[in-house]
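Structure, as structure tokens:
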Amino acid sequence: MFFVLYVLHDDEKLKAVLDAWQGSGVSGVTILPSTGIGRIRDHFALREDVPLIPSLKSLLEEHEDLLNRTLFTVVEDEAMVDRVVAATEKVVGRLDSPNTGILVVLPVIRAYGLRREKS
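So the sequence shown is numbered by the working numbering: it starts at 742 and just counts up by one.
This is the structure we're talking about:
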């Protein structure tokens, strides 16, 4: 099994990515709002009205444009990983291009509570 984590930079492509993942055989995806330090630094680099240590919650509530969407799922095998990567790139473009996001695949030693969708 493999854990697939994808940070999608363009949230307008979220539905298309989810549809592509489902079409490639993914049965469940968890989606979280997220941001990175690069986006925060770029956005606030020249602003003086930001506290020295702002809370992430206040930043995200006031600046939704800073949000990415982080998607993750567990898939059965490397063939499924390859299908998910191909499906993702079909929607967002090559993942080695700028602003397409970051996709990481990790081996899963054990997983509990996963439900397989019945065909």
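Where a beta carbon is used, it is the ideal one built from N, C-alpha and C, also for glycine.
{"Query": "Where Tyr853 falls, given that 16 or more other Cβ within 10 Å makes a residue buried", "Result": "exposed"}
{"Query": "Residues bridged to Val869 (per DSSP)", "Result": "Any property of residue 869 remains undetermined from this structure, which presents the chain solely from 742 to 860."}
{"Query": "CB of Val815 within 8 Å of CB of Val849, strictly", "Result": "yes"}
{"Query": "Alpha carbon of Glu819 to alpha carbon of Ile778, nearest angstrom", "Result": "31 Å"}
{"Query": "Collapsed DSSP secondary structure at Val758 in the structure displayed", "Result": "helix"}
{"Query": "Opening and closing residue of the alpha helix (DSSP H) in which Thr861 lies", "Result": "With the chain running from 742 to 860 in the structure shown, residue 861 is simply not present."}
{"Query": "Proximity of Val826 and Val758 at Cβ, strictly below 8 Å", "Result": "no"}
{"Query": "Counterpart residues of Thr771 in DSSP-defined beta bridges", "Result": "Phe813"}
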